[in-house]
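Numbering (this note's numbering), first residue to last: 11 to 270.
Worksheet: one structure, shown below.
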Amino acid sequence: MNELEANPYKRRVLLVLREHELEELRSSQEAKDLLAPDEISYYKYDEDQVYKNPPKNPILLDLIEKDLLRPGKILVQNPFEMDSYGFREEALPQFAVRKNYLFLELCQLLGAKKVEVSQVDIATNDSKALASVSAHAVTPKGKIGGGIKGKFTTQEKLKNLLEMGATFEGGEAQIDAARKLIYKYKLSQDENFMNLLSLRSNSNNLVRERSLKINISSESRRNIELAANIDMTSLFGAKAEASMETEGYFDVELLAHVVF
11 MNELEANPYK RRVLLVLREH ELEELRSSQE AKDLLAPDEI SYYKYDEDQV
61 YKNPPKNPIL LDLIEKDLLR PGKILVQNPF EMDSYGFREE ALPQFAVRKN
111 YLFLELCQLL GAKKVEVSQV DIATNDSKAL ASVSAHAVTP KGKIGGGIKG
161 KFTTQEKLKN LLEMGATFEG GEAQIDAARK LIYKYKLSQD ENFMNLLSLR
211 SNSNNLVRER SLKINISSES RRNIELAANI DMTSLFGAKA EASMETEGYF
261 DVELLAHVVF
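Now the structure itself:
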């Protein structure tokens, strides 16, 4: 039976393979070695299952609904919701946007009136800055282009992040709800999230404004690194999919200002 790996920690990266690719995987030592990490899993693509007899597994149903369960694709697990995935070549911007929304939700629960994103910085994994986007301009600091594929250019994606602020009515801080959000989405390792929670927990002297520099790609790093090491063309002679130049777009940081 074609089953999805139940343990989410064993499918941080999910390969969607055709039957003949699975046979090659079983017979090729090179493929076995490359896919040896316990965090990489695979799923056999079954056209009848996708289009005629949908599976009952809610994770697979979600992948089908989002048109992600496609043969030859490498899917990367969302670090905040382990039953959710994105295409490898789209994972970094997708998950960065998700973390930004979680930050806005945290601020809302903590009683914020306004959240503004004034700057976005992109850097390589060796800390070489590639671009800085403020509310007024895009400032290249090196070669930009090709690393993030899709409908929008890199600069437009950064501008979209700048627009992801919010204005609220303001209110009392919901400390318990905010804490639950942080732990539900596995964000307790982010000191900015935890420090903001702590500052708003002190009812004797509540913080009214706070500026933060938030890394919105750090949690995605490990899963994306795993996926980046897999070359479907080399393994199975498959048609090359969109490349993923992770070294050029590894860290994304936001400069945010919160008013309570």
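Even glycine gets a Cβ: it sits at the ideal position worked out from N, Cα and C.
Computed from a predicted structure; not experimentally measured.
Tell me which residues share the same chain as residue i and place their Cβ nearer than 6 Å to its Cβ, disregarding the 5 neighbours each side in the sequence.
i      : result
Tyr195 : Phe90 and Leu112
Ala187 : Leu119
Arg220 : Val268
Phe178 : Gln118, Ala122 and Lys123
Leu222 : Asn202 and Ala266
Output the distance between the C-alpha atoms of residue i and residue j, rounded to the nearest integer angstrom.
i      : j      : result
Asp93  : Lys109 : 16 Å
Leu78  : Arg98  : 11 Å
Val268 : Asp261 : 22 Å
Val26  : Tyr53  : 5 Å
Glu32  : Ser38  : Rather than Glu, the amino acid found at residue 32 in this sequence is Leu. Roughly 10 Å between the two C-alpha positions.
Pro68  : Leu216 : 43 Å
Gln129 : Ala106 : 14 Å
Asp200 : Ile240 : 28 Å
Leu114 : Gln104 : 16 Å
Arg231 : Lys76  : 23 Å
Leu197 : Ile224 : 12 Å
Glu13  : Pro81  : 16 Å
Asn202 : His30  : 47 Å
Tyr19  : Met204 : 24 Å
Ala238 : Lys66  : 30 Å
Tyr193 : Glu57  : 37 Å
Between which two residues does the beta strand (DSSP E) holding residue i run?
i      : result
Glu126 : Lys124 to Ala133
Lys54  : Ile50 to Lys54
Arg220 : Glu219 to Asn225
Gln87  : Ile84 to Gln87
Tell me whether residue i is buried or exposed, calling it buried when 16 or more other Cβ atoms sit within 10 Å of its Cβ.
i      : result
Lys151 : For Lys151, the predicted structure reports a pLDDT of 49, less than 50, and the residue's modelled location is therefore unreliable. A value from the coordinates is still provided. Exposed, because fewer than 16 other Cβ atoms sit within 10 Å of the Cβ of Lys151.
Gly175 : buried
Ala16  : exposed
Gly155 : Unreliable positioning characterises Gly155 in this predicted model, as indicated by a pLDDT of 37, which lies under 50. A coordinate reading is not provided.
Tyr4   : Because the chain here runs from 11 to 270, residue 4 falls outside it and cannot be looked at.
Glu229 : buried
Asn88  : buried
Ser213 : exposed
Ser51  : buried
On the premise that residue j lies in contact with residue i, defined as a C-beta separation below 8 Å, what is that separation, rounded to the nearest angstrom?
i      : j      : result
Tyr55  : Arg28  : 5 Å
Leu71  : Ser227 : With a Cβ gap of about 28 Å, Leu71 and Ser227 do not count as contacting.
Ile84  : Val125 : Actually they do not touch by this definition, with Cβ atoms about 34 Å apart.
Glu49  : Leu209 : Going by Cβ atoms, the distance from Glu49 to Leu209 rounds to 35 Å, so no, they are not a contact pair.
Leu116 : Leu191 : 6 Å
Starting from the C-beta of residue i, find all residues in its chain whose C-beta is less than 8 Å away, skip the five residues before and the five after it, and write them out in chain order.
i      : result
Ser211 : Ala183 and Ile185
Gly180 : Gly121, Ala122, Lys123 and Phe270
Leu73  : Leu79, Leu85 and Tyr95
Arg218 : Val269 and Phe270
Excluding sequence positions up to five away, which residues of its chain have a Cβ less than 7 Å from the Cβ of residue i?
i      : result
Arg189 : Leu207
Ile234 : Val86, Ala101, Leu102 and Thr256
May I ask which residues mark the beginning and end of the alpha helix (DSSP H) holding residue i?
i      : result
Leu206 : Glu201 to Ser211
Ala238 : Arg231 to Ala238
Phe113 : Ala101 to Leu119
Ala266 : Per DSSP, Ala266 belongs to no alpha helix (DSSP H); it is in the beta strand (DSSP E), Asp261 to Val269.
Tyr95  : First-last for Tyr95: Tyr95 to Phe97, but that is the beta strand (DSSP E), not the alpha helix (DSSP H).
Leu27  : That residue, Leu27, is in no alpha helix (DSSP H); its beta strand (DSSP E) goes Val23 to Leu27.
Asn187 : The residue asked about is misnamed: residue 187 is Ala in this sequence, not Asn. Ile185 to Lys194 is the span of the alpha helix (DSSP H), which, as asked, contains Ala187.
Glu75  : Pro68 to Glu75
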